[in-house]
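Colleague:
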Amino acid sequence: MSSKASHEVGWIGLGRMGEAMAARLVKAGFGLSVWNRTASKADPLTKIGAEVVTDKMAMAHCATVITMVSTTDDLKDILFGKGGVLAGTVRPRRVVDMSSISDTGSAEIRKQLDGAGVAYLSAPVSGNAKVAKAGKLLVVASGPRAEYDAVQPLLAALGRAAMYVGDGELSRVWKIAHNTMFGVIIQSLCEITLLAEKAGIPRHVFLESINQSVLGSMYTRYKTPALVNLDFTTTFTPKLLLKDMELGMSAGRAYGVVMPAASATRDSIMSLSHQYPGDIDFSVLLVELARAAGMKLEPENVPLSDGLA
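Under the numbering used here, the residues of the sequence shown are numbered 243 to 551, in order.
1. Quick check on Gly347: does DSSP put it in helix, strand or coil?
2. Do you know how far the Cα of Met491 is from the Cα of Val526?
3. Give me the residue from Asp523, His516, Thr476, Leu437 with the minimum Cα distance to Gly536.
4. Tell me the DSSP secondary structure of Ser505 in three-state form.
5. Can you list, in chain order, the residues of its chain with a C-beta nearer than 7 Å to that of Ala376? Leave out the 5 residues immediately preceding and following it.
6. Checking contacts by CB at 8 Å: is Lys440 closer than that to chain B?
7. Among all the DSSP beta bridges, which residues are the ones paired with Val251?
8. Go through its chain and collect everything with a Cβ distance to Asp345's Cβ below 6 Å, but skip five positions before and after it.
9. By DSSP, does Ala358 sit in helix, in strand, or in coil?
10. Across the region 439–455 and the region 476–493, are there enough close Cβ pairs to call them in contact, namely three or more that are closer than 8 Å?
11. Applying the criterion that 16 or more other CB atoms from any shown protein chain within 10 Å of the CB defines a buried residue, is Tyr497 buried or exposed?
12. Assuming Met301 and Val294 are in contact, meaning their beta carbons sit under 8 Å apart, how far apart are those beta carbons, in whole angstroms?
13. Quick check on the DSSP output: the beta strand (DSSP E) that includes Gly408 runs from which residue to which?
14. Do you know how far the Cα of Val332 is from the Cα of Tyr464?
15. Should Leu457 be labelled buried (16 or more other beta-carbon atoms within 10 Å of its own) or exposed?
16. Between Met340, Tyr362, Leu472, which has its C-alpha nearest Pro334's C-alpha?
17. Does DSSP put Glu542 in a helix, in a strand, or in coil?
18. Going by DSSP, name the residue or residues bridged to Arg336.
19. Since Met310 contacts Ser348 with CB under 8 Å, what's their CB separation in whole angstroms?
20. Just tell me which of Ile418, Gly369, Gly359, Val338 has its CA closest to the CA of Ala560.
21. For Ala383, does the three-state DSSP call read helix, strand or coil?
22. Could you compute how far the alpha carbon of Lys417 sits from the alpha carbon of Leu256?
23. Identify every residue that forms a DSSP beta bridge with Val294.
24. Assign Ser455 to one of two classes, buried (16 or more other C-beta atoms within 10 Å of its C-beta) or exposed (fewer than that).
25. Around the C-beta of Ala388, are 16 or more other C-beta atoms found within 10 angstroms, so that it is buried, or is it exposed?
26. Comparing alpha-carbon positions, which option in Arg495, Lys353, Met487, Ser459 lies nearest Val426?
27. Starting from the Cα of Thr288, find the closest Cα among Gly385, Val268, Val251, Cys304 and give me that residue.
28. Please go through the same chain and pick out, in chain order, the residues whose beta-carbon is closer than 6 Å to the beta-carbon of Val544, but skip the five residues on each side of it.
29. Distance, Cα to Cα, Thr422 vs Val500?
30. Would you list the one or two residues that DSSP bridges to Ser342?
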């Protein structure tokens, strides 16, 4: 372990997503210094060549610090708290935050970083850890255009594409809109799948036909094996999806946009989060909606591609 980061690029946050994304950068040939609250989570990265630093302040020696954490408060603490990245006299050139946080929280962080002379890019992603490992994330960034251009190769190495959507926190609004649609689609997909199954169409037949239709997408194909075989291994929990639906509703109110489909879905996901508060995938929604329809589902045990291979 090192007490001073020696690479140009630093990474903070090695949860499900962070570890998978950081690993892609190392494998793409970028020298990477990493810090995580639980140091042992960095072990898989040290095995492929990443440098582990012992404290957050050491990351200030990196030109670019990338963060992938759970909440706005976590990010504020990592950057500005006791022993944080900006607690010393050394400053990174820029911070690129890839977490899913609110636009207002991100704007507060931008103001503080600007005051410290550190550039800031908001760069949330579309996809989960499995999508990240497959190299199919989409990165959407906002902030100073020159800063985006400077790190575009880095962001592009994380997945299939990186896009710039404008100044300030526009990428946060994009992410909120994206994840609101995320909820609405799974709600609709589960409803129509149960309708088809109760009428007599096997789930795997119906979902594969949807995937082949004009309505199919990377998302519907990716969720198909889980829905067919009732495999609810966690990619994203009901509680986290509820958080995003709440952000969507809040943004709708702030901008004066009527969102009836999102509102109904938010209520459904709230109920789901009460039934399943722990570590389970949100696609368990299928089971709850089936119960409401008087149906008891069984796994169909059909091997299907999730489209990520």
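C-beta: ideal position from N, C-alpha, C; glycine also.
Modeller: In short:
1. DSSP, reduced to helix, strand and coil, places Gly347 within a helical segment of the structure shown.
2. Met491 has its alpha-carbon roughly 22 Å from the corresponding atom of Val526.
3. Of the candidates Asp523, His516, Thr476, Leu437, the one whose C-alpha sits nearest the C-alpha of Gly536 is Leu437.
4. helix
5. Leu550
6. Here there is only one protein chain, and chain B is not present.
7. Val251 is bridged to Leu274, Thr306.
8. Glu411, Arg414, Val415
9. Ala358: coil per DSSP, three-state reduction.
10. Taking 8 Å as the limit for Cβ pairs, the verdict is that the region 476–493 does not touch the region 439–455.
11. exposed
12. Rounded, the Cβ-Cβ distance is 11 Å, inconsistent with contact.
13. 403–408
14. Cα to Cα, the separation comes out at about 44 Å.
15. exposed
16. Tyr362
17. coil
18. Thr306, Ala361
19. So it is not a contact: roughly 14 Å between Cβ atoms.
20. What the structure shows of the chain is the stretch from 243 to 551, and residue 560 is not part of that stretch, so it cannot be assessed.
21. strand
22. Each residue's Cα considered, the two are about 20 Å apart.
23. Val276
24. exposed
25. Ala388 comes out exposed.
26. Met487
27. Val268
28. His446, Val470
29. 13 Å
30. DSSP, once it has assigned bridges, lists no residue as partnering Ser342.
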